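Heads up: the sequence lines are chains A and B, in that order. Be aware that the first sequence starts at 1, since it is given in UniProt numbering, and climbs by one per residue. Be aware that the second sequence starts at 1, since it is given in UniProt numbering, and climbs by one per residue. Notes to accompany the following structure.
Protein chains: 2
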Amino acid sequence: MKYSGQTRFLIAVDCIVFGFDGEKFKVLLIQRGFAPERKKWSLMGGFIQPEESLEIAANRVLKQLTGLEGVYLEQLQVFGDPHRDPVERTLAVAYFALIDIQQYEKQINHEYNAEWFLLDEMPQLIFDHEQMVEAAKKRLRYKAALHPVLFELLPEKFTIPQLKNLYEGLYGTTFDKRNFSRKVLSTGLLVKQKDKDKGNSRKGAFYYKLDKQKYSENFQAFLKFIPNPDKFL
Amino acid sequence: MKYSGQTRFLIAVDCIVFGFDGEKFKVLLIQRGFAPERKKWSLMGGFIQPEESLEIAANRVLKQLTGLEGVYLEQLQVFGDPHRDPVERTLAVAYFALIDIQQYEKQINHEYNAEWFLLDEMPQLIFDHEQMVEAAKKRLRYKAALHPVLFELLPEKFTIPQLKNLYEGLYGTTFDKRNFSRKVLSTGLLVKQKDKDKGNSRKGAFYYKLDKQKYSENFQAFLKFIPNPDKFL
DNA sequence: GCAAAAGTGTTGGAAGTACACCCATGG
DNA sequence: CCATGGGTGTACTTCCAACACTTTTGC
Chain A
1 MKYSGQTRFL IAVDCIVFGF DGEKFKVLLI QRGFAPERKK WSLMGGFIQP
51 EESLEIAANR VLKQLTGLEG VYLEQLQVFG DPHRDPVERT LAVAYFALID
101 IQQYEKQINH EYNAEWFLLD EMPQLIFDHE QMVEAAKKRL RYKAALHPVL
151 FELLPEKFTI PQLKNLYEGL YGTTFDKRNF SRKVLSTGLL VKQKDKDKGN
201 SRKGAFYYKL DKQKYSENFQ AFLKFIPNPD KFL
Chain B
1 MKYSGQTRFL IAVDCIVFGF DGEKFKVLLI QRGFAPERKK WSLMGGFIQP
51 EESLEIAANR VLKQLTGLEG VYLEQLQVFG DPHRDPVERT LAVAYFALID
101 IQQYEKQINH EYNAEWFLLD EMPQLIFDHE QMVEAAKKRL RYKAALHPVL
151 FELLPEKFTI PQLKNLYEGL YGTTFDKRNF SRKVLSTGLL VKQKDKDKGN
201 SRKGAFYYKL DKQKYSENFQ AFLKFIPNPD KFL
């Protein structure tokens with residue numbers, strides 16, 4: 001039995017994949033291999049299959065692009081403008097992902113011509129993909145102001161100055177290192193390690209690891225990492 | 001030209017319509033007029049049409065149900081489980097709406113057997129509609145803890161005790177009236193009127209109106225209406 | 001004159017911000 | 001020994017939460 005007299009549509013899943021290189025935010029893009037817009041840059045996407053849920057489709061697409069599984073993935077919104085894809089009406093469910101750019105480098109699937117772009121130096125994208133990136137950026141800024149989600153972008157061991165860089169990159173500003181450090185440590189989410197990262201200074205900065213337990217317990221909590229979050233949204 | 005070899009799907013828009021009767025939260029439901037699940041209660045929904053964007057579809061559905069236009073409407077999320085509709089795979093884009101229940105009463109479209117239910121006394125709903133209501137409730141709690149969105153549920157003139165009731169209803173708790181009143185007045189969003197509502201007390205409570213200008217300017221701002229929001233999410 | 005809800009003020013504690021100095025190290 | 005980034009402590013202010021009494025008026 002079917003519903004009669006109704007139109008059916010293609011559904012795509014498109015993923016905005018964010019990374020952080022220690023300095024700046026990046027987005028992973030691919031060069032589209034098929035018409036239309038062949039050779040233009042695009043988000044990673046794919047059509048959903050008959051027996052596939054959205055989450056599964058998004059994870060599949062992400063795995064194809066990055067080789068990674070179990071990364072942070074969140075539904076952003078649906079883009080449904082009737083003419084967003086000139087070929088045929090397609091609704092796109094946008095997801096955004098946060099991945100550790102270093103792990104990615106080991107696992108990359110070379111079948112795709114994927115490339116990292118600095119978030120503020122992106123090429124033109126196909127269709128409404130730039131809008132999607134814009135929306136994802138906004139959502140991430142919002143979310144990160146309240147929840148410790150940015151840890152998803154860091155490697156297992158990281159330093160406080162790195163973490164500070166990350167937040168500063170996202171909000172395009174600088175934070176006071178004393179207050180910043182006090183604030184993140186006061187969450188109790190970080191476990192100090194014995195070794196240091198000597199890459200960026202003579203003295204070296206202590207590594208920290210995330211307390212995974214507390215992280216998942218406190219993920220929903222409002223943490224106010226950012227002073228005056230209003231300014232940035 | 002079309003994309004070949006891909007499956008197409010039905011897309012529905014489903015609306016969770018919230019109202020507040022002065023005491024409790026309510027949801028607007030309809031009795032489904034066609035099979036399957038005829039006579040069971042359901043959210044208001046409809047299939048999207050070939051040339052219709054999602055926002056337009058959601059507004060159309062909402063207008064059919066309530067007769068109202070220009071009400072607060074926000075995309076919630078997509079529900080895409082392959083078997084959520086037993087008849088045929090259908091993806092549902094859920095929207096939630098906040099309406100002034102009093103205005104609604106004047107404009108109701110009687111073509112539909114729509115009925116208000118107390119949020120915590122809902123009948124069984126079809127498909128995954130209960131999940132949708134659950135998600136909408138959660139989203140609303142989250143949003144209202146930070147942004148002045150609940151005013152959308154009130155009539156043009158309202159009193160502070162009413163507003164307090166509204167927040168208490170949503171979070172299932174009570175707030176200190178002195179702190180509550182100070183907090184909402186300090187936003188500068190309210191304009192005191194000369195007349196009082198004598199319905200609930202001998203003394204009467206002053207009416208307030210929303211300063212629409214400031215409301216739209218400050219909508220994105222973090223207002224922290226709720227003490228310890230963590231507890232409620 | 002009393003019951004019932006509305007309205008208002010103060011105070012102590014916590015959290016947040018601004019700000020300046022010492023530390024460790026490699027060259 | 002000095003330049004560079006890492007790390008820490010304090011005083012001030014602001015915000016928040018807790019709490020109790022007075023006001024109005026219909027009966």
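For glycine and all other residues, C-beta sits at the position ideal for the given N, C-alpha and C. Bear in mind the structure is a predicted one, so any value in this text is a computation, not a measurement.
Chain B within 7 Å of residue i, Cβ atoms only
i, result
"A/I108", "no"
"A/G80", "yes"
"A/P50", "yes"
"A/Y3", "yes"
"A/E168", "no"
"A/Q77", "yes"
"A/V93", "yes"
"A/F222", "yes"
Simplified DSSP assignment, three categories, for residue i
i, result
"A/I99", "coil"
"A/V191", "strand"
"A/A35", "coil"
"B/T90", "strand"
"B/V71", "coil"
"A/M122", "coil"
"A/M132", "helix"
"B/A221", "coil"
"A/S42", "strand"
"A/Q64", "helix"
"A/G172", "coil"
"B/Q107", "helix"
"A/Y142", "helix"
"A/Q6", "coil"
"B/L154", "coil"
"B/F117", "strand"
"A/I56", "helix"
"A/F180", "helix"
"B/I160", "helix"
"B/Q213", "helix"
"A/Y207", "strand"
Residue j beta carbon less than 7 Å from that of residue i
i, j, result
"A/P36", "A/V87", "yes"
"B/L43", "B/A114", "no"
"B/Q64", "B/Y95", "no"
"B/T7", "A/P50", "yes"
"B/G204", "B/K192", "no"
"A/A145", "A/A92", "no"
"B/L54", "A/G80", "yes"
"B/F18", "B/G169", "no"
"residue 249 of chain A", "A/C15", "No answer is possible for residue 249 of chain A: the residues shown for chain A start at 1 and end at 233."
"A/F9", "A/L153", "no"
"B/P229", "A/F222", "yes"
"A/F127", "A/R89", "no"
"A/Y112", "A/I30", "yes"
"A/A57", "A/L73", "no"
"A/I48", "A/L68", "no"
Cutoff 7 Å: residue i Cβ touching any chain A Cβ
i, result
"B/L54", "yes"
"B/F219", "no"
"B/L10", "yes"
"B/T7", "yes"
"B/V133", "no"
"B/P227", "no"
"B/F175", "no"
"B/F127", "no"
"B/V184", "no"
"B/V191", "no"
"B/E37", "no"
"B/E88", "yes"
"B/F47", "yes"
Integer-rounded CB distance, given that residue j should sit under 8 Å from residue i
i, j, result
"B/Y215", "B/F175", "About 21 Å; that fails the 8 Å criterion."
"residue 268 of chain A", "A/K209", "No answer is possible for residue 268 of chain A: the residues shown for chain A start at 1 and end at 233."
"A/L189", "A/P148", "6 Å"
"A/T173", "A/F206", "Contact doesn't hold; Cβ gap of about 25 Å is too wide."
"A/S183", "A/F219", "Per the sequence presented here, residue 183 of chain A reads as Lys, with Ser not at that position. Between A/F219 and A/K183 the Cβ distance is about 17 Å, and since that is not below 8 Å, they are no contact."
Cβ-heavy atom distance, residue i to the ligand SAH, below 6 Å
i, result
"A/T159", "The ligand SAH is not part of this structure, which contains no ligands at all."
**Touch test, the region 121 to 132 of chain B against the region 101 to 108 of chain B, Cβ-Cβ under 8 Å, three pairs minimum** = Of all C-beta pairs linking the region 121 to 132 of chain B to the region 101 to 108 of chain B, fewer than three are shorter than 8 Å, placing the two stretches out of contact.
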